[in-house]
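Data block below; observations after.
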């Protein structure tokens, strides 16, 4: 049976792994290549690297880092952050990335998704959405790392992106991110049950039970977390054993 | 040993090269017919679309070259699918090394799986030395929308919507639907087993 996936996320700033709460207050969390290798050995199913300082002059640094990671790890990995063109993606894939994720640039230019899917195949195009539930009870899309609100609802954008060729959705709830109070089950479930592509739930995973909930209740295909893994509050082998005991299919 | 990776317009060659490097093996990436024919072992990788890839191979006569190879050949993902008879992906006549046909995953009312299949799934009914020291039900990494049916050449089975061929074998030709280069330790063992096959 196809398993549920556990995906550690490494936020990269100036070549180091960092972690903040609700996208701010960043602290150093280690060397990305070492962390990536350790996670692969522990049984992580995939890895995601998000370059949160992606500027033009930093692209080369990122490409070099991706190349180092690709040499060392034997599981698939996704790279995101500041990707806005077919050329950016081409460079990252040539350096060994398996998938790339786009966010703000795709929202501003939805045809980018279409172009990337045509050029490289949907299987390597992950659409990342940062979303926040407002007082009206609706989930809205946010851009620029969560700093800019839009009037577009999360579900509508996700659906449009899938129609344009996105192969997976990486859904981060800003309300939940960094809180360790659990994933956003309602919006994750809506996307997972309606869309034809896998949904990676992100933001809020704090206990092993939260992962059970996001798989069993919200039907997520994969769950992503950062700080709980970086600071060893949850270790992947324990998490996978726990999920297995709850009859959730995982790779052990 | 001369190991050659066939270069054509379907990606993931870099990942295969890095995986070989981790195992400690060097490979040549080429579309030069002579270099392909003179290799001891050949890897035929691939991520992409079937008809575009077949056209590319035909334009360079690589289709005939691949079919007539006598040394061990390992097709990966699209590479394996292209070694089959026919693919539903844009109605493509493929190389016809394996009799199996390649079909699109079609979710049913009862089984609403997502397409493509992305992630780790197990391989079972393992029947070939390609899987020496690989346990039944080991997990491998898959990314695909089309699958090869079960047939005479099936040497590994995986279940997604229905059972299908996750590996095929006929004479010197081997094909795997999953990505051994991305399948952690299990994948590295399978690549090593291929490299250890007697030519």
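Residue numbers (the working numbering), protein chains in the order written: chain P, 55 to 306; chain E, 399 to 597.
Ideal placement from N, C-alpha and C gives every residue a C-beta, glycine not left out.
None of the values given here were measured: they were computed from a predicted structure.
When you compare each of the options to residue i by their alpha carbons, which one comes out closest?
i: residue 557/E; options: 545/E, 550/E, 460/E; result: 545/E
i: residue 257/P; options: 160/P, 270/P, 251/P, 276/P; result: 276/P
i: residue 460/E; options: 440/E, 533/E, 581/E, 429/E; result: 429/E
i: residue 239/P; options: 55/P, 252/P, 273/P; result: 273/P
i: residue 212/P; options: 176/P, 122/P, 195/P, 228/P; result: 195/P
i: residue 553/E; options: 478/E, 581/E, 488/E; result: 478/E
i: residue 186/P; options: 204/P, 291/P, 174/P; result: 204/P
i: residue 502/E; options: 448/E, 458/E, 443/E; result: 448/E
i: residue 228/P; options: 121/P, 302/P, 242/P, 200/P; result: 200/P
i: residue 171/P; options: 162/P, 143/P, 236/P; result: 143/P
i: residue 287/P; options: 271/P, 259/P, 58/P; result: 259/P
i: residue 67/P; options: 134/P, 97/P, 96/P; result: 134/P
i: residue 253/P; options: 264/P, 241/P, 262/P; result: 241/P
i: residue 482/E; options: 587/E, 591/E, 596/E, 571/E; result: 571/E
i: residue 163/P; options: 214/P, 243/P, 84/P; result: 214/P
i: residue 99/P; options: 584/E, 411/E, 562/E; result: 584/E
i: residue 455/E; options: 405/E, 587/E, 555/E; result: 405/E
i: residue 72/P; options: 279/P, 230/P, 300/P; result: 279/P
Should residue i and residue j be called a contact, given that it needs their Cβ atoms to be closer than 8 Å?
i: residue 224/P; j: residue 266/P; result: no
i: residue 505/E; j: residue 548/E; result: no
i: residue 209/P; j: residue 245/P; result: yes
i: residue 184/P; j: residue 136/P; result: no
i: residue 480/E; j: residue 473/E; result: yes
i: residue 476/E; j: residue 437/E; result: no
i: residue 158/P; j: residue 197/P; result: yes
i: residue 250/P; j: residue 219/P; result: no
i: residue 486/E; j: residue 463/E; result: no
i: residue 166/P; j: residue 156/P; result: yes
i: residue 222/P; j: residue 516/E; result: yes
i: residue 131/P; j: residue 152/P; result: yes
i: residue 426/E; j: residue 593/E; result: no
i: residue 498/E; j: residue 567/E; result: no
i: residue 522/E; j: residue 305/P; result: no
i: residue 129/P; j: residue 451/E; result: no
i: residue 169/P; j: residue 140/P; result: yes
i: residue 290/P; j: residue 97/P; result: yes
i: residue 55/P; j: residue 519/E; result: yes
i: residue 302/P; j: residue 271/P; result: no
i: residue 413/E; j: residue 596/E; result: no
i: residue 434/E; j: residue 441/E; result: no
i: residue 3/P; j: residue 178/P; result: Any answer about residue 3/P is impossible in this case: the structure gives chain P only from 55 up to 306.
Give a yes or no on whether 8 Å exceeds the smallest Cβ distance from residue i to chain A.
i: residue 500/E; result: No chain A appears in this structure, whose protein chains are P and E.
Validate contact between the region 540-554 of chain E and the region 80-97 of chain P using beta carbons, cut 8 Å, 3 pairs: At 8 Å Cβ cutoff, the stretches do not touch.
Meets three-Cβ-pair contact criterion under 8 Å: the region 506-513 of chain E and the region 570-577 of chain E: No, the region 506-513 of chain E is not in contact with the region 570-577 of chain E.
Meets three-Cβ-pair contact criterion under 8 Å: the region 138-156 of chain P and the region 190-203 of chain P: The answer is no - the region 190-203 of chain P does not touch the region 138-156 of chain P, with fewer than three Cβ pairs under 8 Å.
Residues in the region 144-161 of chain P having any Cβ partner in chain E nearer than 8 Å: Listed by position along the chain: 147, 148, 149, 150, 152.
The region 514-530 of chain E / the region 488-496 of chain E touching (three or more Cβ pairs under 8 Å): These segments do not touch.
Interfacial residues, the region 114-133 of chain P to chain E, with Cβ spacing under 7 Å: Per Cβ criterion, the list reads 124, 125, 128, 129, 130.
Sequence ranges, beta strand (DSSP E) only - wholly within the region 125-164 of chain P, length at least 3: The beta strand (DSSP E) runs of length 3 or more contained entirely in the region 125-164 of chain P are, from start to end of the chain, 131-134, 153-156.
Chain E contacts made by the region 229-252 of chain P, where a contact means CB separation under 7 Å: The region 229-252 of chain P vs chain E, Cβ under 7 Å: 250, 251, 252.
Those runs of the alpha helix (DSSP H) which lie wholly inside the region 239-269 of chain P and span at least 4 residues: 239-248, all fully within the region 239-269 of chain P.
contact_flag[the region 57-72 of chain P, the region 94-104 of chain P] where n(CB pairs < 8 Å) is 3 or more: Touching, per the Cβ criterion.
Residues within the region 287-300 of chain P neighbouring chain E, beta-carbon criterion of under 9 Å: Residues of the region 287-300 of chain P whose Cβ lies closer than 9 Å to any Cβ of chain E: none.
Inter-stretch contact at 8 Å, needing at least 3 Cβ pairs: the region 119-131 of chain P / the region 401-420 of chain E: Yes, the region 119-131 of chain P touches the region 401-420 of chain E.
Segments assigned beta strand (DSSP E), at least 3 residues, entirely inside the region 471-497 of chain E: Complete beta strand (DSSP E) runs here, min 3: 471-474.
Within the region 540-581 of chain E, ranges of the alpha helix (DSSP H) (whole runs, at least 4 residues): Runs of alpha helix (DSSP H) with 4 or more residues, each lying fully within the region 540-581 of chain E, are absent.
Interface positions of the region 174-191 of chain P facing chain E (Cβ-Cβ less than 9 Å), listed along the chain: Taking 9 Å as the Cβ-Cβ cut-off against chain E, the residues of the region 174-191 of chain P that qualify are 174, 175, 176, 177, 178.
Against chain E: residues of the region 200-227 of chain P by CB proximity under 9 Å: So the close ones are 221, 222.
Contacting positions in the region 80-96 of chain P - beta carbon closer than 8 Å to chain E: Residues of the region 80-96 of chain P with a Cβ closer than 8 Å to any Cβ of chain E, in chain order: 94.
Residues within the region 568-597 of chain E neighbouring chain P, beta-carbon criterion of under 9 Å: The region 568-597 of chain E vs chain P, Cβ under 9 Å: 577, 579, 580, 581, 582, 583, 585, 586.
Complete runs of the alpha helix (DSSP H) confined to the region 405-481 of chain E [at least 4 residues]: Listed in chain order, the complete alpha helix (DSSP H) runs (minimum 4 residues) inside the region 405-481 of chain E are 411-421, 431-435, 448-457, 460-465, 476-480.
Positions along the region 446-459 of chain E whose CB lies within less than 9 Å of some CB in chain P: Within the region 446-459 of chain E, the residues whose Cβ lies closer than 9 Å to some Cβ of chain P are 446, 447, listed in chain order.
Selection of the region 493-517 of chain E by Cβ proximity to chain P, strictly under 7 Å: Answer in chain order: 512, 513, 514, 515, 516, 517.
Contact list for the region 415-427 of chain E against chain P, Cβ threshold 8 Å: Taking 8 Å as the upper bound on Cβ-Cβ separation, chain P lies near residues 416, 417, 419, 420 of the region 415-427 of chain E.
Beta strand (DSSP E) segments (min. 3 residues) lying fully within the region 171-252 of chain P: Within the region 171-252 of chain P, the complete beta strand (DSSP E) runs of at least 3 residues are 179-187, 193-197, 202-207, 222-227.
Uninterrupted alpha helix (DSSP H) stretches inside the region 499-538 of chain E (no shorter than 4 residues): Whole alpha helix (DSSP H) segments, 4+ residues: zero.
Within 7 Å of chain P by C-beta, residues of the region 533-556 of chain E in sequence order: Within the region 533-556 of chain E, the residues whose Cβ lies closer than 7 Å to some Cβ of chain P are 537, 539, 541, listed in chain order.
Chain-ordered residues of the region 519-530 of chain E with a beta carbon less than 8 Å from chain P: Answer in chain order: 519, 520.
Positions along the region 400-413 of chain E whose CB lies within less than 9 Å of some CB in chain P: Those residues of the region 400-413 of chain E that come within reach of chain P (Cβ to Cβ, closer than 9 Å) are 409, 410, 412, 413.
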